[in-house]
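Residue numbers (my numbering), protein chains in the order written: chain A, 1 to 145; chain B, 1001 to 1145. Structure, as C-alpha cells:
Number of protein chains: 2
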Amino acid sequence: MLDFHAALKKLRNHLKNNDLRFTNERLTILEEIFQFPPHFDAEQLFIYIRKKHNHISRATVYRTLDLLSQIGIIKKENLGKDYASYELDYKMPHHDHLICEICGKVIEFADDIIEKRQREISENNGMVMVRHQLQIFGRCKEHTE
Amino acid sequence: MLDFHAALKKLRNHLKNNDLRFTNERLTILEEIFQFPPHFDAEQLFIYIRKKHNHISRATVYRTLDLLSQIGIIKKENLGKDYASYELDYKMPHHDHLICEICGKVIEFADDIIEKRQREISENNGMVMVRHQLQIFGRCKEHTE
DNA sequence: ACATAAAGTGTGACTCAGTCTCAATTTAAC
DNA sequence: GTTAAATTGAGACTGAGTCACACTTTATGT
Ligand SMILES: [Zn+2]
Ligand SMILES: [Zn+2]
Ligand SMILES: [Zn+2]
Ligand SMILES: [Zn+2]
C-alpha cells in the first residue's frame, strides 16, 4: 500500500535513474492526484489543478499522467466512458470494477476465482497474459426499481 | 446464431415497429458489415464502404452503427483502443476477448465459471448486473519470446 | 400512380480528448 | 555561475465522433 511519500520516492527514483528532472509541476500534479477522487479523468484533473496553479498547462498534466502511468504510480483504464480514466495504482495488487450505469458509482473488487480462471483461459488459448480488465456494469441498490 | 437474413429481418421489424424507414443506405451498411472482419471500427468500415458506394456519408455510417447497436444486431465495445470497436452480436449469447498486444489478434471465449462468479460478485455488492466486459491482453504464440 | 408528411441523408462545420511544435524556462551537475 | 539537456506553456493541430440544416427518400393514403 503506497502512500504519498512512497509514491514521491518512487517518482524521484525513476527520474534520477532515467536522467529526467524533478520539477515543481510534477510534484504539484502528484500531490493533487492524492487529493482527488480515486477514479478520475485527465480533463477533470486539469481543470481542478488549473484553478489552484494557474500556470500549469494541459499538456503538462497529460504528459505527467503518462509518466506516472509508466512508473506504475497511477493506472490508466477504461471505465466505460469514451475517454480514459485513471486511478492511483496502490490499493491492491490488482482489482476490477463494478460500475452503476445510473449514478456512476464505482465499487472495486478482487476475486481469486476469476483471476485464476483468466490465467487458465489464456493458457488454453496459447497466450501469455500480460494484463486484463473487467468491468461489470449494472445498477446499484439506490438505482434498482 | 443470426445470419444475414435473420439480421435483415430483425432490422426490418424494428424499423416497422418504430415508424422508421428501410433505406438503401441501411441495407448496404448491414450487407457490408457481414463482408467485413468480425471485429472492426467505424472509421475502417466507413472507408471500406465509401470505396464501393461513394455517396454514403460518414454520418450515415455512424448513425447506422448506433441504430444496429440499439437493435442488438451489432455490439459496440472497447477492445483496448482509444476508439470504439464493433462486432456482429450473433455468435454466442455472450463472449469476452483475448487480445494480443503485439499483433492485435483477437480470440473469443465464453467461460461459465467467470460468468457465474460475476453474478455472485454483483449480488454481494448489492448491484444488479446489466452487462460486463472482460479483456485479457497478452501475447499470442507467435509473439512470445 | 400521385401527393403528402415524416424520416433519413450528405455536407461540412463543429466538439472534445488528446498530441505536437517550438521558443522560452528550469533543472542537474560540474 | 555556467552549461547542456530536459521541461514547460501556448496554442495549433489531429482524429473520432456529433450536429444542423437544406435536400432527398420512404411509407402511407388516396
Ligand atoms: Zn447507482
Ligand atoms: Zn479502482
Ligand atoms: Zn500476436
Ligand atoms: Zn468478439
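Where a beta carbon is used, it is the ideal one built from N, C-alpha and C, also for glycine. Values in this document were obtained by computation on a predicted structure and should not be read as measured data.
Beta carbon of residue i nearer than 7 angstroms to that of residue j
i, j, result
"A:Q137", "B:V1130", "Here the sequence assigns Phe to residue 137 of chain A, which means Gln is not the residue at that position. Cβ distance < 7 angstroms, so A:F137 and B:V1130 count as in contact."
"B:I1113", "A:R117", "yes"
"B:D1089", "B:G1104", "no"
"B:F1040", "B:R1058", "no"
"B:H1094", "B:E1108", "no"
"B:M1127", "A:L98", "yes"
"A:L67", "A:A42", "no"
"B:H1143", "B:C1100", "yes"
"B:L1015", "B:F1004", "no"
"A:R63", "A:I102", "no"
"A:L134", "B:L1079", "no"
"A:T60", "A:E32", "no"
beta-carbon residue i near ligand 4 non-hydrogen atom, thresh 6 angstroms
i, result
"B:E1115", "no"
"B:E1087", "yes"
"B:E1108", "yes"
Environment of residue i [buried if 16+ CB atoms lie within 10 Å]
i, result
"A:A110", "exposed"
"A:L20", "exposed"
"A:H132", "buried"
"B:Y1086", "buried"
"B:I1121", "buried"
"A:I74", "buried"
"B:I1049", "buried"
"B:A1006", "exposed"
Limits of the alpha helix (DSSP H) - the one that residue i falls within
i, result
"B:L1027", "N1024 to Q1035"
"B:L1008", "F1004 to N1017"
"A:Y86", "Looking at the DSSP string, A:Y86 is not in any alpha helix (DSSP H); the run it does join, the beta strand (DSSP E), is S85 to L88."
"B:N1124", "D1112 to N1124"
"B:I1056", "Note, B:I1056: premise wrong, no alpha helix (DSSP H); not H, not E."
N- and C-terminal bounds of the beta strand (DSSP E) containing residue i
i, result
"B:D1096", "D1096 to C1100"
"A:R139", "V128 to R139"
"A:F109", "V106 to F109"
Residue i CB to nearest heavy atom of ligand 3 below 6 angstroms
i, result
"B:E1142", "yes"
"B:I1102", "yes"
Residue i CB to nearest heavy atom of ligand 1 below 6 angstroms
i, result
"A:K81", "no"
"A:K76", "no"
"A:K105", "yes"
Where residue i falls: helix, strand or coil (DSSP)
i, result
"B:L1068", "helix"
"A:I73", "coil"
"B:E1145", "coil"
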